[in-house]
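When you read off a place in the sequence shown, starting at 1, and then add 1, the result is the number in our numbering.
Beta carbons: idealized from backbone N, C-alpha and C, even for Gly.
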Amino acid sequence: MDTAVQTGVRDSAAGRDRIAAGVVDVGLVTAMVLYGYVHHGGDPIATPLESLETIAPFVVGWLAVAALAGVYTRDRLLGRDELRVTATAWIAAANVGLMLRGVPQLHGNTIWPFPVVITLSVLVVLLGWRLGFSLYLSVTE
Numbered sequence: 002m003d004t005a006v007q008t009g010v011r012d013s014a015a016g017r018d019r020i021a022a023g024v025v026d027v028g029l030v031t032a033m034v035l036y037g038y039v040h041h042g043g044d045p046i047a048t049p050l051e052s053l054e055t056i057a058p059f060v061v062g063w064l065a066v067a068a069l070a071g072v073y074t075r076d077r078l079l080g081r082d083e084l085r086v087t088a089t090a091w092i093a094a095a096n097v098g099l100m101l102r103g104v105p106q107l108h109g110n111t112i113w114p115f116p117v118v119i120t121l122s123v124l125v126v127l128l129g130w131r132l133g134f135s136l137y138l139s140v141t142e
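In structure tokens:
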């Protein structure tokens, strides 16, 4: 059974890599949601609270599901299994974000095909940066 477990070995370099990966992941989720917000006529400068209400459900969803799935607790951050866990975590996180976005107190809605677009576009970006970084590391090490 493949489960996410902590190994108990704490390496400061591995810890930094996990933090860096988390920051990049959250930054990319934020950037993709913000891109969609601007693309559909939103203005993050004029309406910062509305922008935050648009971004927050997906970032909260990602952080919650990534923690539950153990995305950042694995010995390696890059590799086939890690990409699978990242993909699964994002698909679940997108659904959490879509559910949160449907809460009446938050700005936004979930009309078709938005769920497909947000899920697939961010999935491609998250897996793309991880694959690219993995290739970079394989060439430089």
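Between the CA atoms of residue j and residue i - distance to the nearest angstrom
{"i": "residue 82", "j": "residue 47", "result": "42 Å"}
{"i": "residue 55", "j": "residue 104", "result": "12 Å"}
{"i": "residue 132", "j": "residue 72", "result": "15 Å"}
{"i": "residue 75", "j": "residue 134", "result": "17 Å"}
{"i": "residue 49", "j": "residue 43", "result": "10 Å"}
{"i": "residue 115", "j": "residue 21", "result": "29 Å"}
{"i": "residue 28", "j": "residue 80", "result": "21 Å"}
{"i": "residue 113", "j": "residue 59", "result": "17 Å"}
{"i": "residue 130", "j": "residue 99", "result": "23 Å"}
{"i": "residue 93", "j": "residue 19", "result": "20 Å"}
{"i": "residue 139", "j": "residue 127", "result": "19 Å"}
{"i": "residue 37", "j": "residue 142", "result": "36 Å"}
{"i": "residue 136", "j": "residue 51", "result": "38 Å"}
{"i": "residue 101", "j": "residue 84", "result": "25 Å"}
{"i": "residue 57", "j": "residue 68", "result": "16 Å"}
DSSP-derived helix/strand/coil call for residue i
{"i": "residue 74", "result": "coil"}
{"i": "residue 96", "result": "helix"}
{"i": "residue 1", "result": "Summary: the structure shown does not reach residue 1, with the chain confined to residues 2 through 142, and so no result is reported for it."}
{"i": "residue 26", "result": "helix"}
{"i": "residue 48", "result": "coil"}
{"i": "residue 43", "result": "coil"}
{"i": "residue 20", "result": "helix"}
{"i": "residue 112", "result": "coil"}
{"i": "residue 37", "result": "helix"}
{"i": "residue 58", "result": "helix"}
{"i": "residue 104", "result": "coil"}
Residue span of the alpha helix (DSSP H) that contains residue i, given as start and end
{"i": "residue 127", "result": "115-141"}
Check: Does the segment 82-89 come close enough to the segment 58-65 that 3 or more CB-CB pairs lie under 8 Å?
Finding: no
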